[in-house]
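Undergrad: Residue numbers (the UniProt record's numbering), protein chains in the order written: chain A, 1 to 419; chain B, 1 to 419. All C-beta atoms in this analysis are idealised placements derived from N, C-alpha and C, irrespective of residue type, glycine included. Note that the structure is predicted; figures quoted are calculated from it, not measured. Here it is: the structure, laid out below.
Number of protein chains: 2
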Amino acid sequence: MSSEPDLHLARPDAHAPGMPLVTVIGDGQLARMMQQSGIELGLTVRLLAGSGAASAAQATADVWLGEYTDEDVVRAVSAGADAVTFDHEHVPNAFLEGLIADGVNVQPQPSALINAQDKLVMRKKMREIGAPVPPFAEILSVADAEGFWDATAGAVCLKARRGGYDGKGVWFPSSRSETAELVAELLDRDVPLMAEKKVTLVRELSAMVARTPSGEIASWPVVESVQADGICYLAVAPAPAATGGQAHAVAKAHTLARDVAEELGVTGVLAVELFETVDEAGEPEIIVNELAMRPHNTGHWTQDGCVTSQFEQHLRAVLDRPLGSTALTSTTTVMANVLGDADADPEQAMSARMDEVWRRFPTAKIHLYGKDWRPRRKIGHVNMSLPCGAAATDENVAALRRDAQLASDYLVTATWKDQ
Amino acid sequence: MSSEPDLHLARPDAHAPGMPLVTVIGDGQLARMMQQSGIELGLTVRLLAGSGAASAAQATADVWLGEYTDEDVVRAVSAGADAVTFDHEHVPNAFLEGLIADGVNVQPQPSALINAQDKLVMRKKMREIGAPVPPFAEILSVADAEGFWDATAGAVCLKARRGGYDGKGVWFPSSRSETAELVAELLDRDVPLMAEKKVTLVRELSAMVARTPSGEIASWPVVESVQADGICYLAVAPAPAATGGQAHAVAKAHTLARDVAEELGVTGVLAVELFETVDEAGEPEIIVNELAMRPHNTGHWTQDGCVTSQFEQHLRAVLDRPLGSTALTSTTTVMANVLGDADADPEQAMSARMDEVWRRFPTAKIHLYGKDWRPRRKIGHVNMSLPCGAAATDENVAALRRDAQLASDYLVTATWKDQ
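Right, dumping it as structure tokens:
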């Protein structure tokens with residue numbers, strides 16, 4: 001195992017004189033889009049990447065090659081940075097504690113990050129600060145699982161405490177015996193488990209804020225995140241709130257994200273993913289599902305629908321600089337994920353597919369990540385906004401959702417789904 | 001003289017699989033901002049740069065080092081590109097003709113570019129296509145200059161045919177004898193000269209379009225370019241047109257830019273810089289001043305005030321791909337250039353100056369170029385837009401101009417000019 005990064009792509013000459021240096025650990029599309037903002041702000045993003053061909057590495061001048069699971073590598077790439085941040089939550093916290101002990105400015109800090117890494121720790125913390133979570137329990141044995149089944153009358157959602165995403169690491173067993181078998185098998189594979197009470201999902205919301213180490217907070221409007229098979233495919237910003245109950249739920253989510261950021265000491269961008277469900281009186285209520293402490297898929301709309309994008313805001317926040325306006329530049333923006341087709345990549349070249357989309361939708365903002373096809377892989381997204389000055393109506397928001405979805409579908413199928 | 005580029009910064013691994021490759025010759029802020037758009041579109045920008053520390057080289061993964069005045073270097077960096085384009089007009093046309101003969105897709109082509117390189121050629125072409133230019137003449141001798149002085153009753157503006165910018169290469173001699181002396185001296189230094197009749201300048205306008213090799217054209221609204229000492233310091237988009245006469249002048253400028261793009265076969269972004277003057281009846285009229293065939297300073301507002309920025313549009317246009325919507329995202333956007341202070345760079349670090357600006361103006365979009373201070377050097381710009389839904393009024397546009405100017409002044413003086 002190497003313990004020094006490979007510096008053959010490093011570019012010390014690429015640092016703007018006198019400007020901050022941010023080390024970003026992670027080489028995916030989130031780091032790639034941070035780099036776009038770094039260029040704009042004149043600061044330097046130094047990247048720790050697994051490969052020079054990785055999404056963010058394609059877009060970055062100063063790339064250090066190495067593994068974030070190697071403490072020496074993480075230490076080397078962090079040296080001299082004004083801030084160290086991440087595009088994922090997987091850097092071992094012990095490394096980060098070590099960096100902090102050495103005086104490195106790591107943002108967000110592991111004391112906050114743990115809540116984005118471990119679903120059980122997060123739910124305990126949410127309960128402690130009064131944030132809404134469904135009944136949950138740690139599952140250390142088959143007996144624990146059976147007990148939870150009985151206590152919830154079979155409304156069991158079983159989750160891996162760590163590492164799940166996009167629908168992975170979540171199970172809905174359909175009987176007490178299936179629950180017992182599944183838990184036995186997972187515990188046998190050393191998967192740390194928790195269970196929570198299944199809720200009646202009306203829709204998913206995402207409430208995002210940015211917070212600086214000094215405590216400044218800026219919130220974006222709450223968005224609706226439309227999901228299928230555990231993967232977000234549309235985000236609608238702001239979340240429609242047609243009824244008083246929905247408006248109340250959205251307002252609660254908005255406040256909650258600020259509270260979570262403050263109570264947990266989050267720095268940088270925080271996404272609070274929420275379920276909107278119904279209470280016993282039939283009124284909308286919200287429940288915390290996940291936390292992410294970095295730019296988030298449900299915030300990509302901010303690139304084209306908001307004064308300050310989540311990527312710029314994240315860089316400003318981790319450097320403890322004043323946050324930008326989160327005012328909307330359009331009354332509604334819809335983001336549609338470009339998800340690799342399940343079966344195959346179409347023969348038509350991606351460039352030609354983009355051209356077709358642009359011919360039909362000249363306002364479509366296509367963002368690609370430099371990734372090739374894999375089934376269901378996030379390879380880009382499309383943002384579309386209502387025209388300047390247009391008020392949002394049920395009709396034009398529905399049309400915007402349809403158009404953004406048609407555009408993103410075309411990009412992965414080379415087919416117009418409405419024709 | 002080297003005849004191979006230095007490839008030690010080249011990054012063939014940084015090419016997104018299957019996506020277009022655009023070679024950009026030039027390493028300034030225009031190439032830097034093209035790179036931001038290239039990242040978004042998932043295509044690869046390969047840069048020919050003079051130095052790895054140059055503005056665009058800081059922001060680009062695949063940098064080839066070499067001189068654009070070296071034909072072998074230009075040929076090498078162009079090989080295999082889907083399009084070759086520029087961030088300046090100084091690549092010798094003979095090189096470009098050679099590339100084209102070899103089958104390289106150079107955009108814009110030298111037959112159009114010559115009009116952005118040679119002011120006399122451009123004016124002849126403008127006259128030929130019926131575009132408004134003041135009386136002008138080629139100046140090959142002192143006698144030519146004296147004749148022009150007599151013919152215009154002393155209203156002489158003398159210009160170097162090539163290489164002038166930001167007020168350089170333009171002279172306003174105040175007497176017949178001064179004209180003769182100046183021309184003698186310049187001709188002695190082999191400066192190719194022309195003269196045109198001095199006009200009464202009311203204000204400067206800039207009309208920008210993009211055009212593809214297939215002939216698709218997209219226009220942005222005409223902007224007012226506010227200048228001092230020959231350098232643009234503010235651009236107001238769209239140009240205010242309070243009177244019917246002004247509205248007429250602006251509409252004429254808008255149409256003219258399309259006509260020029262078509263008649264000259266321009267591809268990529270074209271900026272037509274215009275003087276608004278008054279005719280004999282006292283009504284506004286327009287006169288072509290300069291052409292630029294690349295993204296232009298007066299189009300920087302498009303990054304934050306328009307669906308498709310000039311940088312994205314330029315890449316799309318040179319690749320002959322469908323053009324994006326040029327619809328406004330705000331009723332008015334003001335761009336203020338950040339021009340290095342004439343005397344000295346303030347002690348306060350640039351980051352701290354940005355923070356001060358953001359504290360006062362959370363909607364200010366600061367764009368920096370990774371350049372250090374030199375007197376009057378363009379080191380960045382600030383875009384500020386009216387809020388979503390706000391109609392433009394004399395009052396709020398005046399406030400926007402003031403705020404953008406205050407912000408850009410602070411960035412180079414560390415002083416609020418209104419305090």
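Okay, do the region 33-49 of chain A and the region 361-373 of chain B touch, 3+ Cβ pairs below 8 Å being the bar?
TA: yes
Undergrad: How about M19/B: is its C-beta nearer than 8 Å to some C-beta of chain A?
TA: yes
Undergrad: Closest to I129/A by CA distance: which of A257/A, R401/A, V382/A and G299/A is it?
TA: A257/A
Undergrad: Within 8 Å of any Cβ in chain A, is that where the Cβ of T76/B sits?
TA: Here residue 76/B is Ala; the residue named in the question, Thr, does not match the sequence. By this cut-off, A76/B is not an interface position.
Undergrad: If we count the other Cβ atoms within 10 Å of its Cβ and call it buried at 16 or more, is G244/A buried or exposed?
TA: exposed
Undergrad: Report all residues from its chain with a CB closer than 8 Å to the CB of R374/B; omit the five preceding and five following residues, and keep chain order.
TA: If we look at R374/B and ignore the five residues flanking it on each side, its Cβ neighbours are G340.
Undergrad: Using CA coordinates, which residue listed in D13/B, S141/B, G103/B and E263/B is at the minimum distance from R211/B?
TA: E263/B
Undergrad: Give, in chain order, every residue of the region 332-359 of chain B whose Cβ lies closer than 7 Å to some Cβ of chain A.
TA: A349, M350, S351, D355, W358 and R359
Undergrad: Tell me whether the beta-carbon of V338/B lies closer than 8 Å to the beta-carbon of L411/B.
TA: yes
Undergrad: Checking contacts by CB at 8 Å: is T329/B closer than that to chain A?
TA: It does: the Cβ of T329/B has a partner Cβ on chain A nearer than 8 Å.
Undergrad: What three-state label does DSSP hand L65/B in the structure shown?
TA: strand
Undergrad: If you compare alpha carbons, which of A342/B, T85/B and A336/B is closest to Q227/B?
TA: A336/B
Undergrad: List the residues of chain B whose Cβ lies closer than 7 Å to the Cβ of H367/A, in chain order.
TA: H367/A reaches chain B at E40, counting residues in chain order whose Cβ is nearer than 7 Å.
Undergrad: For K417/A, count neighbouring Cβ atoms within 10 angstroms of its own Cβ and tell me buried if that reaches 16, exposed if not.
TA: exposed
Undergrad: Does any residue of chain A bring its CB to less than 8 Å from the CB of A59/B?
TA: Chain A, which has a Cβ nearer than 8 Å to the Cβ of A59/B, makes this yes.
Undergrad: Could you please give me the residues that DSSP links to Y284/B through a beta bridge?
TA: Sequence inspection shows Pro at residue 284/B; the Tyr mentioned does not correspond to that position. DSSP, once it has assigned bridges, lists V278/B as partnering P284/B.
Undergrad: Please confirm whether P5/A and A76/A have their CB atoms less than 8 Å apart.
TA: The answer is yes: Cβ separation under 8 Å.
Undergrad: Just reading off the beta strand (DSSP E) that V156/A is part of, what are its end residues?
TA: V156 to A160
Undergrad: Going by the beta-carbon positions, is the gap between S158/A and L193/A smaller than 8 Å?
TA: Note that residue 158/A corresponds to Leu in the displayed sequence, not to Ser. Yes, the pair counts as a contact, with Cβ atoms nearer than the cut-off.
Undergrad: Just the C-alpha distance for N93/A and Q29/A, rounded to the nearest angstrom, thanks.
TA: 22 Å
Undergrad: Could you confirm whether any beta carbon from chain A is found closer than 8 Å to the beta carbon of G324/B?
TA: For G324/B, the answer is yes, since a Cβ of chain A falls inside 8 Å of its Cβ.
Undergrad: What residues in its chain sit with their C-beta under 6 Å from that of E71/B, if we drop five residues either side in the sequence?
TA: Apart from sequence neighbours up to five positions away, the residues of its chain that approach E71/B with a beta-carbon distance below 6 Å are F95, ordered along the chain.
Undergrad: Starting from the beta carbon of P387/B, find every residue of chain A whose beta carbon is closer than 8 Å, and list them in chain order.
TA: A327
Undergrad: Buried or exposed for P20/A, please, with buried defined as at least 16 other CB atoms from any protein chain shown within 10 angstroms of its CB.
TA: Flag for P20/A reads buried.
Undergrad: Of all the options R162/A, W301/A, S175/A and A261/A, which has the alpha carbon lying nearest to the alpha carbon of D150/A?
TA: S175/A
Undergrad: Any idea if S206/B is buried or exposed, counting beta-carbon neighbours within 10 angstroms, 16 or more meaning buried?
TA: buried
Undergrad: Taking CB distances under 8 Å as the criterion, tell me whether V250/A reaches chain B.
TA: Under the Cβ criterion of 8 Å, V250/A is not counted among the residues facing chain B.
Undergrad: Does S351/B come out as helix, strand or coil in the three-state DSSP assignment?
TA: Helix.
Undergrad: Would you decide whether R353/B is buried or exposed? Buried here means 16 or more other CB atoms lie within 10 Å of its CB.
TA: buried
Undergrad: Using a Cβ-Cβ cutoff of less than 8 Å, which residues in the same chain neighbour Y233/B once the five nearest sequence positions on both sides are dropped?
TA: V226, Q227, A336, N337, L339, Q405 and S408
Undergrad: In terms of alpha-carbon separation, which member of A54/A, V84/A, V91/A and P12/A lies closest to A57/B?
TA: P12/A
Undergrad: Closest Cβ-Cβ distance between D409/A and chain B: below 8 Å?
TA: No, D409/A lies away from the interface with chain B (no Cβ there is under 8 Å from its Cβ).
Undergrad: State yes or no: is the C-beta of T413/A within less than 8 Å of the C-beta of P346/A?
TA: yes
Undergrad: Provide the residue(s) that pair with S385/B in DSSP beta bridges, ordered along the chain.
TA: T333/B, per the DSSP bridge assignment.
Undergrad: Using a Cβ-Cβ cut-off of less than 7 Å, give me the residues of the region 295-310 of chain B that come near chain A, in sequence order.
TA: V307
Undergrad: For a contact defined as C-beta to C-beta under 7 Å, what are the partners of D13/A on chain B?
TA: G52 and A53
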